[in-house]
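Asks: Shown below is the structure under consideration.
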């Protein structure tokens, strides 16, 4: 499924310190992670999303980031414990997926500076 291409793109030899798994579908992976005690957090604009800046991240959590154009699939949305969003004022109404992911990871690290 292209694992060599993905792993080859990881910067600064991170493949030696990160455990990388590649799966074709997300729901079975999320189900397994939930069973292991990880809360499932979506980064998505929904009617019930909370501002990421008012959200306290659990120490251990799964952050689900959707497709650039279509967001998180409905099946996956139904599995999530909570959705958070990054408030945007003016246009565009959302950040692209890579930028939003960086902002969310920064906020997590701000809350958990020791990792």
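In our numbering, the protein residues as written are 25 to 139.
We put the beta carbon where it would ideally sit given N, CA and C, even for glycine.
Within 8 Å, do at least three Cβ pairs link the segment 66-75 to the segment 41-49?
Replies: No contact exists between the segment 41-49 and the segment 66-75.
Asks: So, are the CB atoms of residue 99 and residue 63 less than 7 Å apart?
Replies: For the purposes of this step, residue 99 is taken as residue 75 along the chain shown, with counting starting at 1. For the purposes of this step, residue 63 is taken as residue 39 along the chain shown, with counting starting at 1. Contact flag unset, no.
Asks: Which ranges does the beta strand (DSSP E) cover as unbroken runs of at least 3 residues, wholly within the segment 46-133, from first to last along the chain?
Replies: Runs found: 64-67, 86-89, 106-109.
Asks: Would you please verify whether the beta carbon of residue 118 is less than 7 Å from any beta carbon of chain C?
Replies: This model lacks chain C altogether; it includes just one protein chain.
Asks: Sorted by chain position, which residues of the same chain lie with C-beta nearer than 7 Å to residue 79's C-beta, five sequence neighbours on each side aside?
Replies: For the purposes of this step, residue 79 is taken as the residue at position 55 of the chain shown. Closer than 7 Å at the Cβ level, and outside the excluded window around residue 79, lie 108.
Asks: At the level of alpha carbons, what is the spacing between residue 119 and residue 90?
Replies: If you number the chain shown from 1, residue 119 lands on position 95. If you number the chain shown from 1, residue 90 lands on position 66. Going by the C-alpha atoms only, they are around 12 Å apart.
Asks: With burial defined as no fewer than 16 other Cβ atoms inside 10 Å of the residue's Cβ, what is the status of residue 122: buried or exposed?
Replies: Here residue 122 refers to the residue found at position 98 when the chain shown is read from its first residue. So residue 122 counts as exposed.
Asks: Helix or strand or just coil, what does DSSP make of residue 138?
Replies: Translated into the one-based positions of the chain shown, residue 138 becomes position 114. It is coil, neither helix nor strand.
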